[in-house]
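Visitor: By the count of our numbering, the sequence shown reaches residue 1001 at its end, each step adding exactly one. Got a structure here, written out as structure tokens. Questions coming.
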Amino acid sequence: MPPIIYKSPLPVRLKAPKGRITPLSAPDIHVGKSLVAACPKRIRGEKLAEMKQIIRKYLGKKKEYFVDVHATYSVTKKPDGTKMGQGKGLIDYFVARVPAGKTIFHIPTTSPFNALGFDDPIYKVLKKAAAKVAIPCVFRTQNNLFRVHNIKYISQKKILKDQLIQFNQYRSKLFTKDDNNT
């Protein structure tokens, strides 16, 4: 399957207020290996580009990865030596507002046979990418591995449990009828 090509949103060239970083309403979870922000911060667009280069260098052209944050908010700065007042300065750079728990990069892995420990080379690359950003980051692995050989055992246990519940309900009805008759 060819890699999915996704074009990131372009930054809007409007002067934006500093604003606040709104927290996530739900956890940001993806199947695979992820680099997650541990605290809310703003990341510069240049730093995101450096992180992309590091990950792309390791993965090559064929493997896919997803960037979940994009630098779309502008930050302005007045030239040096300018006096107070005289309006807002020119756009200097762009940032991404990243709340705590937001996935920055995510490399999808569906094979259950990949290494599950932190000695996996993907974590070394994500660690290099996290070093480029001045925020604390956490690595997350999410996989949907279930013990297939236990499904039969689990289903038998569930059937026995349901039968026991039905028996207890039937027995309680019998005893309530007997109490009413005597």
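In this text, a Cβ means the ideal position worked out from N, Cα and C, and glycines have one as well.
Given a cut-off of 8 angstroms, decide if residue 870 and residue 957 are closer than it, judged by their beta-carbon atoms.
Guide: Along the sequence shown, read from residue 1 onward, the residue named residue 957 stands at position 138. Along the sequence shown, read from residue 1 onward, the residue named residue 870 stands at position 51. Cβ atoms of residue 957 and residue 870: not closer than 8 angstroms.
Visitor: If the criterion is Cβ atoms closer than 8 angstroms, does the pair residue 890 and residue 915 meet it?
Guide: For this step, residue 890 is matched to residue 71 along the sequence shown. For this step, residue 915 is matched to residue 96 along the sequence shown. Result yes, Cβ atoms of residue 890 and residue 915 sit closer than 8 angstroms.
Visitor: When the Cα of residue 895 is compared with those of 904, 886, 860 and 908, which residue comes out closest?
Guide: In the sequence shown, counting from the first residue as 1, residue 895 sits at position 76. Among 904, 886, 860 and 908, the Cα nearest to that of residue 895 is on 908.
Visitor: Does residue 859 come within less than 8 angstroms of chain B when only Cβ atoms are used?
Guide: Given the protein chain composition of this structure (a single chain), no chain B is represented.
Visitor: Out of 992, 852 and 858, point me to the one whose CA is closest to residue 840's CA.
Guide: The sequence position of residue 840 within the sequence shown is 21, counting from 1. Out of 992, 852 and 858, 858 has the C-alpha closest to the C-alpha of residue 840.
Visitor: Could you give the distance in angstroms between the alpha-carbon of residue 901 and the alpha-carbon of residue 835?
Guide: Here residue 901 corresponds to residue number 82 of the sequence shown, with the count starting at 1. Here residue 835 corresponds to residue number 16 of the sequence shown, with the count starting at 1. When rounded, the distance between both Cα atoms is 20 angstroms.
Visitor: Would you report the Cα separation of residue 843 and residue 853, rounded to the nearest angstrom?
Guide: By one-based count along the sequence shown, residue 843 stands at place 24. By one-based count along the sequence shown, residue 853 stands at place 34. About 16 angstroms.
Visitor: For the beta strand (DSSP E) that contains residue 856, what are its first and last residues?
Guide: As a first step, residue 856 is located in the sequence shown; it is residue number 37 there, counting from the start. Run containing residue 856: 851 to 856, per the beta strand (DSSP E) assignment.
Visitor: Taking only runs of the beta strand (DSSP E) that begin and end inside the region 827 to 900, which ones reach a length of at least 3 residues, in chain order?
Guide: Segments of the beta strand (DSSP E) lying fully in the region 827 to 900: 851 to 856, 860 to 863 and 892 to 896.
Visitor: For residue 879 and residue 831, what's the separation of their Cα atoms in angstroms?
Guide: Walking along the sequence shown from the start, residue 879 turns up at place 60. Walking along the sequence shown from the start, residue 831 turns up at place 12. If I take the Cα positions, the gap works out to 30 angstroms.
Visitor: Tell me whether residue 941 is buried or exposed, calling it buried when 16 or more other Cβ atoms sit within 10 Å of its Cβ.
Guide: Locating residue 941 in the sequence shown gives position 122, where the first residue counts as 1. The residue in question, residue 941, is buried, as its Cβ has 16 or more Cβ neighbours within 10 Å.
Visitor: How would you write the range of the beta strand (DSSP E) that residue 910 sits in, first residue to last?
Guide: Mapped onto the sequence shown, residue 910 falls at position 91. Per DSSP, residue 910 belongs to the beta strand (DSSP E) from 909 to 917.
Visitor: I need the DSSP call for residue 944, collapsed to helix, strand or coil.
Guide: Residue 944 sits at position 125 when you count from the first residue of the sequence shown. Three-state result, residue 944: helix.
Visitor: Would residue 864 pass as a contact of residue 926 if the rule is Cβ separation under 8 angstroms?
Guide: Reading the sequence shown from its first residue, position 45 is the one you call residue 864. Reading the sequence shown from its first residue, position 107 is the one you call residue 926. The answer is no: Cβ separation not under 8 angstroms.
Visitor: Once the 5 residues before and after residue 995 are set aside, which same chain residues still bring their CB inside 8 angstroms of it?
Guide: Within the sequence shown, the letter at position 176 stands for residue 995. Taken in chain order, the list of residues that qualify is empty.
Visitor: One question on the structure: do residue 846 and residue 920 come within less than 8 angstroms of each other, judged by their Cβ atoms?
Guide: Translated into the one-based positions of the sequence shown, residue 846 becomes position 27. Translated into the one-based positions of the sequence shown, residue 920 becomes position 101. In contact: residue 846 and residue 920 (Cβ atoms closer than 8 angstroms).
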